[in-house]
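Below is one structure, written out as structure tokens; the observations come after it.
In our numbering, the protein residues as written are 5 to 356.
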């Protein structure tokens, strides 16, 4: 959310006092662990590397270009057709954030399918939930199931299957209910690799029982289906690519509890040899939550996350705007969680 505060002032305690690179972040499309059947099908998490002064000037310039009397601005102001020139300026190569911003995209359905396959191979682990690890075989199976599942089972049964899995991982349905659905789809006799994956999934009940028991025993564990934590992990990895520490300033979010922030700091504060299998290469100096109205950098991140989510969702659903997709492309993280080949060929960076 962007406010009409023109002075862009930030309380002193919100400013970085160390040598870490400070990145301001916000998200768009968050619905917690509800990935299927929600209001949005894409989650976007943006990070910007701007000074407070530069971000405040960006907000002032955006406000002046939009020429709206509103005292509170959101990304949808930029997405209105009459404000298209402003959006093109913001994202364009001569705009205020080019080269200093990045956005991690998550196709929620593909993310859910990926977690389903993680369950199949027994990798719904701490590292997997944090977004630090993905088995290559599991990744390949997820791509097949995502791209061919709807065609193999029909739209209605496919959606019902995904919703049942989503509910299982949120402890809202039983393991029995999910595997009854697996049996129904297996009996449908899907051809080829999809049928093989469903057969393997039918044997994964011990992993599901184990995960369910852990979830009920520790309801505060990192949520397996919330894309926010993996997106923050990728933000840390992206901005600390040169080995330097990163300090994150993030808009307030219910999922970012003190306990989870401490887990992130512990994970990214250890030397790489401390976590031999899934050791992260990034370094997190701090993660602070702020009211976005008090930090123009977070407001700019809110702009980018909001417009990126809408542009990417439209492209995913084959109603994309080619000009806006091309403008967004330089900002998109190559490690985004995206399974649709056609739309990714347009959204993803050329080297992805």
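Glycine included, C-beta positions come from ideal geometry on N, C-alpha and C.
In this text, all values refer to a predicted model and were calculated from it rather than measured experimentally.
Sorted by chain position, which residues of the same chain lie with C-beta nearer than 6 Å to residue i's C-beta, five sequence neighbours on each side aside?
| i | result |
| --- | --- |
| residue 235 | 49, 108 |
| residue 125 | 139, 142 |
| residue 318 | 324 |
| residue 121 | 142, 145, 146 |
| residue 205 | 124, 186 |
| residue 156 | 194, 198 |
| residue 277 | Only weak support exists for where residue 277 lies, its pLDDT of 42 falling under 50; the value from the coordinates is given anyway. If we look at residue 277 and ignore the five residues flanking it on each side, it has no Cβ neighbours. |
| residue 149 | 117, 201 |
| residue 105 | 52, 308, 335 |
| residue 2 | This structure leaves residue 2 out entirely; the chain is present only between 5 and 356. |
In the DSSP output, which residue or residues are listed as bridge partners for residue i?
| i | result |
| --- | --- |
| residue 293 | 254 |
| residue 51 | 29, 106 |
| residue 288 | 250 |
| residue 336 | 107 |
| residue 46 | 111 |
| residue 341 | 110 |
Along the beta strand (DSSP E) that carries residue i, what are the first and last residues, could you check?
| i | result |
| --- | --- |
| residue 105 | 105–111 |
Who are the near neighbours of residue i in its chain, counting only those whose CB is closer than 8 Å to its CB and skipping five residues on each side?
| i | result |
| --- | --- |
| residue 263 | 224 |
| residue 352 | 333, 336, 338, 340, 342 |
| residue 257 | 31, 34, 232, 293 |
| residue 218 | 225 |
| residue 203 | 190 |
| residue 177 | 168, 171 |
Along the alpha helix (DSSP H) that carries residue i, what are the first and last residues, could you check?
| i | result |
| --- | --- |
| residue 181 | 179–191 |
| residue 66 | 56–70 |
| residue 227 | No alpha helix (DSSP H) holds residue 227; DSSP gives it neither H nor E. |
| residue 329 | 326–332 |
| residue 321 | Neither: residue 321 is in no alpha helix (DSSP H) and is coded neither H nor E. |
| residue 140 | 140–157 |
| residue 92 | 88–95 |
| residue 266 | 262–271 |
| residue 196 | 196–206 |
With a 10 Å radius around its C-beta and 16 neighbouring C-beta atoms as the bar for buried, classify residue i as buried or exposed.
| i | result |
| --- | --- |
| residue 86 | exposed |
| residue 346 | exposed |
| residue 289 | buried |
| residue 296 | buried |
| residue 328 | buried |
| residue 208 | buried |
| residue 213 | exposed |
| residue 16 | Confidence in residue 16 is poor, its pLDDT being 42 and thus under 50, which makes the residue's placement too unreliable to answer from. |
| residue 118 | buried |
| residue 285 | exposed |
| residue 191 | exposed |
| residue 251 | buried |
| residue 261 | exposed |
| residue 45 | buried |
| residue 287 | buried |
| residue 100 | buried |
| residue 291 | buried |
| residue 84 | exposed |
| residue 221 | exposed |
| residue 153 | buried |
| residue 89 | exposed |
| residue 73 | exposed |
| residue 313 | buried |
| residue 228 | buried |
| residue 210 | exposed |
| residue 330 | exposed |
| residue 175 | exposed |
Closer than 7 Å by C-beta to residue i: which residues in its own chain qualify, once you throw out the five before and the five after it? Chain order, please.
| i | result |
| --- | --- |
| residue 301 | 28, 52, 54, 56, 59, 253 |
| residue 230 | 36, 37, 259 |
| residue 348 | 342 |
| residue 162 | 153, 154 |
Count the C-beta pairs between the region 158–173 and the region 26–46 that are closer than 8 Å, then say yes if the count reaches three, no if not.
Contact between the region 158–173 and the region 26–46 is present, because at least three Cβ pairs lie under 8 Å.
Can at least three beta-carbon pairs, one atom from the region 99–116 and one from the region 190–199, be found at a separation below 8 Å?
Three or more Cβ pairs closer than 8 Å define a contact, and the region 99–116 falls short of that threshold against the region 190–199.
Counting Cβ pairs closer than 8 Å, one from the region 325–336 and one from the region 84–101, do we hit at least three?
They touch, by the three-pair rule.
Examine the Cβ distances between the region 62–78 and the region 296–312 and report whether three or more of them are shorter than 8 Å.
With a cut-off of 8 Å, the region 296–312 and the region 62–78 count as touching, because enough Cβ pairs lie within range.
Would the region 22–38 count as touching the region 235–244 if we require 3 or more Cβ pairs under 8 Å?
The region 22–38 is in contact with the region 235–244.
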